[in-house]
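2 protein chains.
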Amino acid sequence: MPTIAEVAAMAGVSPATVSRVINGRTSVATPTRERVLAAIEELDYTPNRMARALSLGKSAAIYVVAPVSDNPSVAQRLHGLATTLNQSAFELILHDVETAAQTARLLSELATPDRIAAVILISVRPHSDQLAKLAAAEVPVVFVNANVPGVDCVFVDNLEGGRLAARHLLSIGHRKLAFVGDTEDSDLGFTGSRDRRIAFEETLNAAGVRLPDEFIQLGAHQADDARQATLELLDLNDPPTAIFAASDGQAIGVLEAAYSRELDVPGDLSVIGFDDISSAKGMGLTTIRQPLEESGTFGARLALEAVEHKTLGMAMELPVELIIRRSTAPPNPERE
Amino acid sequence: MPTIAEVAAMAGVSPATVSRVINGRTSVATPTRERVLAAIEELDYTPNRMARALSLGKSAAIYVVAPVSDNPSVAQRLHGLATTLNQSAFELILHDVETAAQTARLLSELATPDRIAAVILISVRPHSDQLAKLAAAEVPVVFVNANVPGVDCVFVDNLEGGRLAARHLLSIGHRKLAFVGDTEDSDLGFTGSRDRRIAFEETLNAAGVRLPDEFIQLGAHQADDARQATLELLDLNDPPTAIFAASDGQAIGVLEAAYSRELDVPGDLSVIGFDDISSAKGMGLTTIRQPLEESGTFGARLALEAVEHKTLGMAMELPVELIIRRSTAPPNPERE
DNA sequence: TTGAAAGCGTTACCAC
DNA sequence: GTGGTAACGCTTTCAA
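Structure (structure tokens):
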């Protein structure tokens, strides 16, 4: 692999000059520049990023922390992120996390700008003391799918999403509604599930409908726990006629459970999810859509902005929208 | 951020000695080692990876190339990969590709061991001249979901998968079967779809069933094109009673199309997919399962092996399995 | 067992 | 405009 010195030798200039034409910082005489460019072309030279980072004291890598498997929606966000970052001069270093503790350990290790330009957290919200460490190191942090005041983030109004779900179900006549979501400690600090439930419940209450404790089922692992939770709901003496799942990943588990009990959806049970992951269409799942891929795109842009222009604290709210498909319908009179 | 020099100063030794204790290469006297360790602890020192890579002439980053959005299955493979790599000393640099041309350009740029330790390609199969370049640079390459002779790879027997699908459909009585898959040029060089179709067709033929040309629909974009393709199939004078989709992502499109025509699945149309992505359960999709997450795990292990022990050319075949759910059933007599 | 010093490929400061 | 050179943080001979 050719180095800057070889290019310099070939062009008959000093390495410093080659560096200048590469980075276009100071002015270089046109004929000189052309000779250098020719040499670069000839040798098929590409600057070594490590050496560059070392010399500059700045990395050109953006660290992305995400629970990749946790939820299909994360992959879509990641796609938006990766597509944008791949077009930039920055590399995307991916770290897949499963627990909040993992995230904590991880963040404390990489909190230095000479190793990493920025960190983007997808659907993860670490405790504020870890954030403080990153802030102290002046590493820009951006959250995708979390609203943290004073920090760059892109998020949706989960409360509004919860309301939309409640109103839809209420409007088609349901009065026995249940919620299946994340446990507070399983969710990597991510508060979306909780917010959705709160707004859901408030909207029900405002309509004079109660959300009894036994109709609130929280679990850690998306589809699997949701299936289990749903089975418990269905086994109640007076089971719900509709279920709001905090994510489409969980809605998948709800559907599985319903089908395993040979229930018809939406005949016997209406199901509404949250996210509108790509497979939601094929499942015919009614859901609250949020722009998934875009959230990644914007997250990447915010990070790039922050790295290049030191702009910080931008908050970006994306819209939520009710998408009605085949999994919700008025309740079966027999089951009311 | 502390450097090796500061640790050395604190421990009252030379940087060389600190380096030795970090890397455990040469012997260091126990008391010395302990002083160094204490200093490292005290200063909360972590070696700078860039500097290390530069000095060593070897990178500790593994490049992963994958069409993240293309297919939900890719995300699951990526998860296995990331989990394994994150536990190793290697960083995972993610590059999301959408076209074969992108992949080609990319690969030619990173073909040097001082910048990247290995490259793992998920569901992508570049032309052999690009591989040659990587091979020449002695960068280990591993394929996940592609079978390339002489190169590390983990794959499944797509032919067997195609056979399983055909036999299942045949065994429950279908005689009018269609195939929805990838176009040859859209598929990033990935030959899975083609292989599945070939074996599917051969198995049908062996049973005396023809797969007419108009029953073979190929498209580029997973669910969207598959939906369109299915609509065309359904509009035929004598439409198929069962569809084999080359991937679950495409099966989602097939289901959508069927529902949009108000057809009952499996009453009016049986659908079988390939992959068993996590949402397949919720969709009740009959499918040919392949170990997705494991493919990533093994891919990562092969890469690590190759980097550390120079072992090359390992081929790893994972099993396929028919998973019967609710989307397939004997054909409706009226439609036969 | 340990230290001094050169070198990895780049950038940036200071002269010319 | 351009070249020389120190510096970035680490590893690794070569001596001691």
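Chains as they are written, first to last, in the working numbering: chain A, 1 to 336; chain B, 1001 to 1336.
All C-beta atoms, glycine included, are put in the ideal place defined by N, C-alpha and C.
Please read all numbers here as calculations on a predicted model, not as lab measurements.
| Check | Outcome |
| --- | --- |
| Proximal residues, the segment 1029-1060 of chain B versus chain A, C-beta separation under 8 Å | THR1046, ASN1048, ARG1049, MET1050, ALA1051, ALA1053, LEU1054 and SER1059 |
| Candidates B:LYS1310, B:ALA1303, B:PRO1266 and B:PRO1330: closest to ARG1144 (chain B) by CA position | Checking the sequence shown, residue 1144 (chain B) turns out to be Val, not Arg. Nearest option by C-alpha distance: B:ALA1303. |
| First and last residue of the uninterrupted alpha helix (DSSP H) at TYR45 (chain A) | That residue, TYR45 (chain A), is in no alpha helix (DSSP H); it is neither H nor E in DSSP. |
| Identified DSSP bridge partners for ARG1289 (chain B) | B:ASP1275 and B:GLU1321 |
| CB contact check: MET1 (chain A) to chain B, cutoff 8 Å | yes |
| Contacts of LYS1310 (chain B) in chain A (Cβ-Cβ under 7 Å) | Residues of chain A passing the Cβ test: none, with the nearest at roughly 19 Å. |
| Supposed close pair THR287 (chain A), PHE298 (chain A) - CB separation, criterion 8 Å | 21 Å between Cβ atoms; not a contact. |
| Cα-Cα separation between LEU1159 (chain B) and ARG1289 (chain B), rounded to whole angstroms | 13 Å |
| Closer than 8 Å at the beta carbon, the chain B residues around GLU214 (chain A) | Correct list: empty, because the minimum Cβ distance to chain B is about 24 Å. |
| Neighbouring residues, chain B, relative to ASN86 (chain A) (Cβ below 7 Å) | HIS1095 and ASP1096 |
| Beta-bridge partners of ILE1342 (chain B), as assigned by DSSP | What the structure shows of chain B is the stretch from 1001 to 1336, and residue 1342 (chain B) is not part of that stretch, so it cannot be assessed. |
| Residue-chain proximity (PRO1072 (chain B), chain A), Cβ-Cβ < 8 Å | yes |
| Buried or exposed (CB count within 10 angstroms, at least 16 for buried), GLU138 (chain A) | exposed |
| Residues of the segment 1131-1165 of chain B with Cβ closer than 9 Å to any Cβ of chain A, in chain order | ALA1137 |
| Chain A contacts from the segment 1247-1276 of chain B (Cβ-Cβ distance under 9 Å) | ASP1248, GLY1249, ALA1251, ILE1252, GLY1253, VAL1254, LEU1255, GLU1256 and TYR1259 |
| Meets three-Cβ-pair contact criterion under 8 Å: the segment 1306-1326 of chain B and the segment 1207-1221 of chain B | no |
| Exposure label - ASN147 (chain A); buried when at least 16 CB within 10 Å | buried |
| VAL270 (chain A) (DSSP reduced to helix, strand or coil) | The sequence given here places Ser at residue 270 (chain A); Val does not occur at that position. Looking at SER270 (chain A) - three-state DSSP - the assignment turns out to be strand. |
| Terminal residues of the beta strand (DSSP E) in which LEU218 (chain A) lies | 216-219 |
| Residue range of the alpha helix (DSSP H) that includes ILE1172 (chain B) | Counting along the chain, ILE1172 (chain B) falls outside any alpha helix (DSSP H), and DSSP gives it neither H nor E. |
| Contacting residues, own chain, Cβ-Cβ under 6 Å from ALA166 (chain A) (five flanking each side not counted) | PHE200, THR203 and LEU204 |
| Inter-residue CB distance, ARG227 (chain A) and GLU256 (chain A) (contact presumed, cutoff 8 Å) | 5 Å |
| Neighbour flag for MET1316 (chain B) against chain A, beta carbons, 8 Å | no |
| Sequence-distant residues of its chain with Cβ nearer than 8 Å to ASN332 (chain A) (five each side left out) | THR241, GLY267 and ASP268 |
| Own chain, CB closer than 6 Å to ALA1251 (chain B), minus 5 neighbours either side, in chain order | ALA1245, VAL1271, GLY1273 and LEU1285 |
| CA nearest to the CA of TYR1259 (chain B), picked from B:LEU1234, B:MET1314, B:VAL1119 and B:THR1030 | B:LEU1234 |
| Cβ-based burial, LEU236 (chain A) [other Cβ within 10 Å; buried from 16] | exposed |
| Limits of the unbroken alpha helix (DSSP H) element including ASP213 (chain A) | Looking at the DSSP string, ASP213 (chain A) is not in any alpha helix (DSSP H), and its letter there is neither H nor E. |
| Stretch-stretch touch, CB-based, cutoff 8 Å, three pairs: the segment 1168-1181 of chain B with the segment 1130-1137 of chain B | no |
| Among A:MET316, A:PHE179 and A:LEU54, nearest to GLU214 (chain A) - alpha-carbon criterion | A:PHE179 |
| GLY1249 (chain B) and PRO1072 (chain B) closer than 8 Å at C-beta | yes |
| C-alpha gap between MET314 (chain A) and ALA66 (chain A), whole angstroms | 20 Å |
| Classification of HIS127 (chain A) by the beta-carbon crowding that lies within 10 angstroms, buried from 16 upward | exposed |
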